[in-house]
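Residue numbers (my numbering), protein chains in the order written: chain B, 5 to 221; chain X, 5 to 221; chain L, 5 to 221; chain R, 5 to 221. We put the CB at the ideal spot given by N, CA and C, even for glycine. The block underneath contains the structure these notes are about, expressed in structure tokens.
There are 4 protein chains.
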Amino acid sequence: MENRGSSDSPASEGLGKQRLEALMDGIFAIAMTLLVLDVKLPATPKSADITELTRVLLELWPRFLVFFASFVILGVLWIGQIGYFHFVKRTNRWFLWLSLLFLMFIVFIPFSTDLLGRYPMNAAAIVIYGCNALLLEITLFLQWHYATHARRLVGAELETELVARGNKRMLAGICMYSTAIIFAFLIPPASLTLFVLIPVMYILPSRVDYHWTHSHG
Amino acid sequence: MENRGSSDSPASEGLGKQRLEALMDGIFAIAMTLLVLDVKLPATPKSADITELTRVLLELWPRFLVFFASFVILGVLWIGQIGYFHFVKRTNRWFLWLSLLFLMFIVFIPFSTDLLGRYPMNAAAIVIYGCNALLLEITLFLQWHYATHARRLVGAELETELVARGNKRMLAGICMYSTAIIFAFLIPPASLTLFVLIPVMYILPSRVDYHWTHSHG
Amino acid sequence: MENRGSSDSPASEGLGKQRLEALMDGIFAIAMTLLVLDVKLPATPKSADITELTRVLLELWPRFLVFFASFVILGVLWIGQIGYFHFVKRTNRWFLWLSLLFLMFIVFIPFSTDLLGRYPMNAAAIVIYGCNALLLEITLFLQWHYATHARRLVGAELETELVARGNKRMLAGICMYSTAIIFAFLIPPASLTLFVLIPVMYILPSRVDYHWTHSHG
Amino acid sequence: MENRGSSDSPASEGLGKQRLEALMDGIFAIAMTLLVLDVKLPATPKSADITELTRVLLELWPRFLVFFASFVILGVLWIGQIGYFHFVKRTNRWFLWLSLLFLMFIVFIPFSTDLLGRYPMNAAAIVIYGCNALLLEITLFLQWHYATHARRLVGAELETELVARGNKRMLAGICMYSTAIIFAFLIPPASLTLFVLIPVMYILPSRVDYHWTHSHG
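What follows is the structure in structure tokens.
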């Protein structure tokens, strides 16, 4: 059932969230697809044999790695975000602006991942990448906090435990990315290790998932 | 309520608005994402240290500013537009063409923002940017006027007060952008100040928002 | 009626059309947005004054014209297509492939419009542009014919008169574009005039619109 | 409430599939549209006559062919995927990640098709293209297997025969692409022939289609 702003229950009153979801899915889809444009075969003679072409392709590995890493990060954020949006029932002007802030930092991910891929040991690149990820975690947290505070944009029946679990999960991300940024000036490889480990942690199922399978519709 | 062509109320007869909304969200998503493609790191040696890379990044600030400004403007227009579309129940050929005109000027925003970012004190750039914004306000106003006149594409129960408030809000934008264009030839900095202040004014909640929370679905 | 997989009427059985509509709206949105990427300001000194910048912008007029023309053509096709899709209730494999063919020619419009914009008097450019438009009309006609023949993918209650009107409208387009292609070798300006007039003809409301306002949902 | 497809049955509980479908349609739409960006007219004098322009266009034929081939392959995969998604009722974290893997290989298709178009007889290019196609078939199979195993994400009433038919169809694709990869080192033209024949085979209607017309909604 659609409920685009329909009024069959108090929870669904107000501005629907479908337009926002459509914008989000569009921006994620484009950001993910644009990533491959950075993977370009350098000019190679038409007569290249298998050895030569293989060599050229192997030399492209940092581009492939950046592509893969960016895709995974965008995937983590997309799944994280639909997980929380599942419980959001309606939107308002402030929530839309928080979401647009979140999307602005999403759009920036290809830039900062590319920068990190080129200068993995440079503290400036690590800080920019870390701040981008940190700002994404913060805006995601603000959205969740704003929506759930006093059950502003979620159903009144939403369990307090679920709200707290979402908060904890995002605050953990904020702490970890802050730590990674601090390490940039001390032990750069530690920052890079955290950048790899944090998404992996979020790929694993969480106890929030349990709630998806019990309709809060 | 969705009303994808369904017929449960007179207001929902006719062509649905979902396809139009999908096209709009798609175009906004792409326009917003393409903005970051203009933020490109200039060729920098692989061996750049933190000082050098920081300097290169700081020199990119006009690009970052244009990116941020364009994103905010597109955000203002997207939120404004979904606010009004909330009350629109159906479409017809003329309304679709008004919407396509609106979208054509949206697609143009990256071009004119980029132009203004490069020549902020040049009256030609200010006029082009101002006209783009003005035409957006005008087409948005025409959409709203066309849809609400004699309750053509909105519900019959829509309050006259809300219609008037929407009209006023958009006519104010038209006046302000016209003023900014005139200032281009007299005091360019005054135009630029208006270009910054007008979106800010639209970010703030308006009394139109109140109606979102009271279902006109 | 939505019928996202639901089964409340025989007409809605089978594979829904929402995924196809989503793909179509996405492709139109991207094709429309990509058009502006061809409008690029040539390298101009930072110190350019208003006269110089105005001159550079005026020299861009063929780019603006191509942008505007392509946008209008895509708009005509998008509106035409949603008009017919309004009556389509379900899809099947053959219909999906016909739609993908249509979309393939849509994706090609930026290429052929750009070609025509650069060589407006060259018969080769006119033929390519004309064939692209012709193939779009043909695939749109095939979709409509396939969907309505024996009421295959439309509601059983659809009036024969409406089916015939749709057929006529699209066959007229096929004849006109064929004529324009033939003129390419005889009187190129006549082809160009037709290329401008045909979309204008389709912008005007048609008697098909009447049916939109009388629910066939 | 999300549940497009309503909550009247246990099968529709849990996280909806609409966001995933929106992301998929967005990524397919962008990948299909980006293909045309590779078809670029080389710099040609403004004064080119019809013979010269025709020659330039004819020399572009490998680009046109790659465009056409990529579009057909993406079309086959899009239709295949919506066919199976028709029966999927809900998603979970693992299924979303399987789908993102699938989408990552979709995003890669323009790169590997372009590579094959430039080096059609080079085993390295054949292997990369073949592996991309193979990984797409494998991830599609894993999605289907994961969703249907113990009726995890599909309706409980889904016929075992349909599940088996889907499995067979995808395993056949996996075998054929594996064969094509092996031939790359022995008889490259045999690989290319398979690359053409496999999509053709999937364009033809299958017995899975029959089920679309009998509502499992």
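field: Per-residue burial, L/Pro227 [other beta carbons within 10 Å of its own, 16 or more giving buried]
entry: This structure leaves residue 227 of chain L out entirely; chain L is present only between 5 and 221.
message: Determine, for R/Pro114, whether the minimum Cβ-Cβ distance to residues of chain B falls below 8 Å.
response: Taking the first residue of the fourth sequence as position 1, residue 114 of chain R is located at position 110. It does; some Cβ of chain B falls within 8 Å.
Enclosing alpha helix (DSSP H) for L/Phe145 [first to last residue]: Residue mapping note: residue 145 of chain L aligns to position 141 of the third sequence, counting from 1. Segment Ala127 to Thr152, the alpha helix (DSSP H) holding L/Phe145.
message: Going by the DSSP bridge assignment, what does L/Val92 pair with across the sheet?
response: Within the third sequence, the letter at position 88 stands for residue 92 of chain L. L/Val158, per the DSSP bridge assignment.
- request: To the nearest angstrom, report how far apart L/Leu144 and B/Glu161 are at their CA atoms.
  value: As a position in the third sequence, residue 144 of chain L is number 140, starting the count at 1. As a position in the first sequence, residue 161 of chain B is number 157, starting the count at 1. Answer to the nearest angstrom: the Cα atoms are 49 Å apart.
- request: Please check if any C-beta of chain L sits within less than 8 Å of the C-beta of R/Ser11.
  value: Start at 1 with the first residue of the fourth sequence, and residue 11 of chain R comes out as number 7. With a pLDDT of 35 at R/Ser11, under the threshold of 50, the modelled position of this residue cannot be trusted; read the value that follows with caution. No, R/Ser11 lies away from the interface with chain L (no Cβ there is under 8 Å from its Cβ).
- request: For B/Thr95, decide whether its Cβ has a neighbour in chain R, counting only Cβ atoms nearer than 8 Å.
  value: Taking the first sequence and counting its residues from 1, one reaches residue 95 of chain B at position 91. Not an interface residue.
task: Please confirm whether B/Met28 and B/Leu107 have their CB atoms less than 8 Å apart.
output: In the first sequence, residue 28 of chain B corresponds to position 24, counting from 1. In the first sequence, residue 107 of chain B corresponds to position 103, counting from 1. Going by C-beta atoms, B/Met28 is nearer than 8 Å to B/Leu107.
- prompt: Who are the Cβ neighbours of B/Glu25 in its own chain at under 7 Å, not counting the five residues just before and after it?
  reply: Locating residue 25 of chain B in the first sequence gives position 21, counting from the first residue. These residues qualify, in order along the chain: Phe89.
- prompt: Nearest CA to the CA of B/Lys44: which residue from B/Asp53, B/Thr58, B/Leu64 and B/Met36?
  reply: Position 40 of the first sequence, counted from the start, is the residue given in the question as residue 44 of chain B. Closest by alpha carbon: B/Leu64.
query: If you draw a straight line from the alpha carbon of L/Lys21 to that of R/Phe109, how long is it in whole angstroms?
result: By 1-based counting over the third sequence, the position of residue 21 of chain L is 17. By 1-based counting over the fourth sequence, the position of residue 109 of chain R is 105. One C-alpha to the other measures close to 25 Å.
- prompt: Given X/Ala194, which residues of its chain have a CB within under 8 Å of its CB, disregarding the five upstream and five downstream residues?
  reply: For this step, residue 194 of chain X is matched to residue 190 along the second sequence. If we look at X/Ala194 and ignore the five residues flanking it on each side, its Cβ neighbours are Ala184 and Phe187.
query: By Cβ distance, which residues of its chain are closer than 7 Å to X/Arg156, with the 5 residues on each side in sequence left out?
result: Here residue 156 of chain X refers to the residue found at position 152 of the second sequence. Result list for X/Arg156: Tyr150, in chain order.
message: Using a Cβ-Cβ cutoff of 8 Å, what residues of the segment 101-127 of chain B are near chain X? List them in chain order.
response: Trp101, Leu104, Leu107, Met108, Val111, Phe112, Pro114, Phe115, Asp118, Leu119, Arg122, Tyr123, Asn126 and Ala127
task: Using three-state DSSP, classify B/Leu19 as helix, strand or coil.
output: Stepping through the first sequence from its first residue, residue 19 of chain B is reached at position 15. Strand.
query: Going by Cα to Cα distance, which pick from R/Phe112, R/Val131, R/Leu102 and R/Glu163 is closest to B/His58?
result: Residue 58 of chain B sits at position 54 when you count from the first residue of the first sequence. A quick correction: the sequence has Thr, not His, at residue 58 of chain B. Measuring from the Cα of B/Thr58, the nearest candidate turns out to be R/Val131.
- request: Find the nearest neighbour of B/Ser51 within the set R/Pro209, R/Leu146, R/Asn126 and R/Ala168, judged by alpha-carbon distance.
  value: Against the first sequence, residue 51 of chain B aligns to sequence position 47. Among R/Pro209, R/Leu146, R/Asn126 and R/Ala168, the Cα nearest to that of B/Ser51 is on R/Asn126.
- request: With a threshold of 16 other CB atoms inside 10 Å of the CB of R/Ala47, please say whether the residue is buried or exposed.
  value: The residue labelled residue 47 of chain R in the question sits at position 43 within the fourth sequence. Exposed, since its Cβ has fewer than 16 Cβ neighbours within 10 Å.
Contact list for R/Gly79 against chain B, beta-carbon separation under 8 Å: Here residue 79 of chain R refers to the residue found at position 75 of the fourth sequence. Simply none; closest approach about 16 Å.
- request: Note down, in chain order, all residues in the segment 175-209 of chain L with a beta-carbon under 8 Å from any beta-carbon belonging to chain R.
  value: none
Residue span of the alpha helix (DSSP H) that contains L/Phe187, given as start and end: As a first step, residue 187 of chain L must be located in the third sequence, where it is residue number 183. Run containing L/Phe187: Thr164 to Leu190, per the alpha helix (DSSP H) assignment.
task: Report, in whole angstroms, the separation of the C-beta atoms of X/Pro203 and X/Val76, which I expect to be a contact under 8 Å.
output: Numbered from its first residue, the second sequence carries residue 203 of chain X at position 199. Numbered from its first residue, the second sequence carries residue 76 of chain X at position 72. With a Cβ gap of about 6 Å, X/Pro203 and X/Val76 count as contacting.
- prompt: Is X/Ala151 close to chain L, meaning its C-beta is less than 8 Å from at least one C-beta of that chain?
  reply: Here residue 151 of chain X corresponds to residue number 147 of the second sequence, with the count starting at 1. Not one chain L Cβ lies under 8 Å of X/Ala151.
field: Range of the contiguous alpha helix (DSSP H) that encloses L/Asp235
entry: Nothing about residue 235 of chain L can be read from this structure; chain L reaches only from 5 to 221.
- request: Give, in chain order, every unbroken run of the alpha helix (DSSP H) that is at least 4 residues long and sits entirely within the segment 21-92 of chain B.
  value: 22-38, 54-63 and 65-89
task: Buried or exposed for B/Phe72, please, with buried defined as at least 16 other CB atoms from any protein chain shown within 10 angstroms of its CB.
output: One-based indexing of the first sequence puts residue 72 of chain B at position 68. By the 10 Å Cβ count, B/Phe72 comes out exposed.
- request: Assign R/Leu141 to buried or exposed, taking buried as 16 or more other Cβ atoms, counted over all protein chains shown, within 10 Å of its Cβ.
  value: The residue given as residue 141 of chain R occupies position 137 in the fourth sequence. With the sequence shown as reference, residue 141 of chain R is identified as Glu, and Leu is not the correct amino acid for it. Buried, since its Cβ has 16 or more Cβ neighbours within 10 Å.
query: Since R/Leu138 contacts R/Ser182 with CB under 8 Å, what's their CB separation in whole angstroms?
result: Counting from one through the fourth sequence, the residue named residue 138 of chain R turns up at place 134. Counting from one through the fourth sequence, the residue named residue 182 of chain R turns up at place 178. Contact flag correct, Cβ pair sits at about 6 Å.
field: Beta-carbon proximity check, X/Ile191 vs B/Ile34, cutoff 8 Å
entry: Indexing the second sequence from 1 puts residue 191 of chain X at position 187. Indexing the first sequence from 1 puts residue 34 of chain B at position 30. Taking 8 Å as the Cβ cut-off, X/Ile191 and B/Ile34 do not qualify as a contacting pair.
task: Can you give me, in chain order, the residues of the segment 30-47 of chain L that have a beta carbon less than 8 Å from any beta carbon in chain R?
output: Gly30, Ile31, Ala33, Ile34, Ala35 and Leu38
query: Is DSSP giving L/Pro209 helix, strand or coil here?
result: Locating residue 209 of chain L in the third sequence gives position 205, where the first residue counts as 1. Reduced to three states, the DSSP call for L/Pro209 is coil.
- request: Run the CB neighbour count on B/Leu201, radius 10 Å, all protein chains shown included, and call it buried at 16 or more, exposed below.
  value: Translated into positions along the first sequence, residue 201 of chain B becomes position 197. So B/Leu201 counts as exposed.
- prompt: For L/Ser116, which residues from the same chain have a beta carbon less than 6 Å from its beta carbon, with the 5 sequence-adjacent residues on both sides left out?
  reply: One-based indexing of the third sequence puts residue 116 of chain L at position 112. The residues are Ile132, Tyr133 and Asn136.
message: Suppose the cutoff is 6 Å on Cβ atoms and the five residues either side in sequence are ignored; what does the same chain contact list for B/Trp82 look like?
response: On the first sequence, residue 82 of chain B is found 78 positions in, with the first residue counted as 1. Cβ within range, chain order: Phe32.
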